[in-house]
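Residue numbers (numbering that gives the first Met the number 0): 0 to 247. We put the beta carbon where it would ideally sit given N, CA and C, even for glycine.
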Amino acid sequence: MLPKNAFLRRIALSMIGLILPVCECGNVPIARSLIANGLKPADVISFLFAAPILNPITIISTMTAFSFDTRMVWWRIIFALIIVQITAFIVSFFKEDSVINPEFEKLCHSHNHGSKLSNIFSSSRNEFWQLFTMLALGASIAAATQIFVPRFIINAVGGDIFLSVISMITLSFVISICSSIDAFFALAYVRNFTTGSILSFLLFGPMIDIKMITLLKTTFRWKFIATITLTVFILSLIVGLGVNLYVR
């Protein structure tokens with residue numbers, strides 16, 4: 000069903016979100032299923048990172064929120080595809096046994112169906128509590144920032160070509176908001192922050208945030224998670240800076 004050519008296969012997997020709309024909360028279980036069925040990590044990353052952005056719900060919500068600037072919609076789609084493909088290409092150089100979490104690997108190879116079901120239930124329960132804890136932490140940090148950071152500092156940072164991008168990427172990581180509504184959240188920062196920083200927020204958050212890392216660690220090793228996080232961060236930063244410097 001999938002193309003044999005690696006690049007075309009990853010492009011096809013990136014487009015699954017168009018017919019299977021899922022945000023980052025729902026695509027990790029699908030990604031785990033793909034790995035369990037033998038798909039390579041680079042291919043899975045192509046789906047995992049693209050699906051939250053390249054799906055009808057997210058595209059429509061972005062179009063609605065940024066109806067005054069349709070460039071943001073196209074930039075989000077195009078740069079998301081580019082970031083995903085570069086990240087997947089880097090991932091393709093990893094050996095599979097250095098990527099997959101040993102506990103998840105054991106679960107995949109378990110032949111005792113009763114034991115496997117019990118393990119999955121136990122794993123899901125632990126994931127839920129970890130996810131709830133991290134989301135509560137993220138919400139607390141975001142609220143504290145709104146209350147305790149003076150407005151003049153926010154304005155100064157928001158107008159800086161570099162600091163604005165770093166700030167919005169950090170915010171997207173901390174608040175862990177779903178991609179289907181993040182465009183409306185970002186809209187509140189449009190007046191105070193640069194265009195590139197808003198775009199970086201819309202690119203980085205759906206791929207990497209506290210919630211996503213909490214879910215990823217049940218499937219992948221920490222070294223691998225750190226690598227893809229750094230890759231997406233650098234690429235999102237470059238895109239944001241590029242838009243700030245060259246686009247008016």
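Spatial distance of residue i from residue j (CA atoms)
i, j, result
"LEU201", "ASP68", "14 Å"
"PHE11", "ALA49", "Rather than Phe, the amino acid found at residue 11 in this sequence is Ala. Roughly 10 Å separates the two Cα atoms."
"PRO28", "PHE6", "24 Å"
"ARG190", "ILE85", "31 Å"
"PHE223", "SER13", "20 Å"
"ALA41", "GLY204", "20 Å"
"ALA185", "LEU198", "9 Å"
"PHE147", "TYR188", "17 Å"
"VAL231", "ILE82", "7 Å"
"LEU162", "ILE77", "24 Å"
"ASN26", "MET62", "22 Å"
"SER123", "PHE151", "Only weak support is given to the placement of SER123: the predicted model assigns it a pLDDT of 49, under 50, and the value that follows is read from those uncertain coordinates. Between SER123 and PHE151, the C-alpha separation is close to 44 Å."
"VAL43", "SER235", "20 Å"
"TRP221", "ASN100", "8 Å"
"PHE46", "LEU80", "10 Å"
"VAL173", "LEU229", "15 Å"
"LEU248", "LEU215", "The shown model of the chain, from 0 to 247, leaves out residue 248, and the question about it has no answer."
"ILE15", "CYS177", "18 Å"
"PRO20", "MET211", "17 Å"
"ILE18", "ILE168", "28 Å"
"THR226", "ILE233", "11 Å"
"ALA155", "TYR245", "21 Å"
"THR213", "SER175", "11 Å"
Boundaries (first-last residue) of the alpha helix (DSSP H) holding residue i
i, result
"THR63", "55 to 64"
"SER199", "194 to 206"
"ILE10", "5 to 13"
"LEU170", "162 to 174"
"SER45", "40 to 49"
"ALA79", "70 to 90"
"ASP181", "181 to 186"
"VAL21", "Looking at the DSSP string, VAL21 is not in any alpha helix (DSSP H), and its letter there is neither H nor E."
For residue i: DSSP bridge partner residues
i, result
"ILE99", "PHE219"
Residue i burial status per 10 Å Cβ neighbour count (16 or more: buried)
i, result
"GLY158", "exposed"
"PHE120", "Because the pLDDT of PHE120 is 49, which lies under 50, any placement of that residue in the model is unreliable, and the question is left without a value."
"MET0", "exposed"
"GLY195", "buried"
"ALA143", "exposed"
"ASP96", "exposed"
"LYS3", "exposed"
"PHE92", "exposed"
When the options are compared against residue i, the one with the closest alpha-carbon
i, options, result
"ILE160", "LYS39, ASP96, PRO51 and PHE192", "PHE192"
"MET206", "ASN4, ILE34, LEU38 and PRO51", "PRO51"
"VAL242", "TRP73, ARG31 and SER91", "TRP73"
"ILE248", "THR218, ILE233 and ILE237", "Nothing in the structure corresponds to residue 248, since the chain is present only between 0 and 247."
"ILE56", "ILE180, VAL238 and ILE233", "ILE180"
"LEU240", "ALA182, VAL164, ILE89 and LYS94", "VAL164"
"ILE59", "ALA182, ILE237, VAL238 and THR213", "ALA182"
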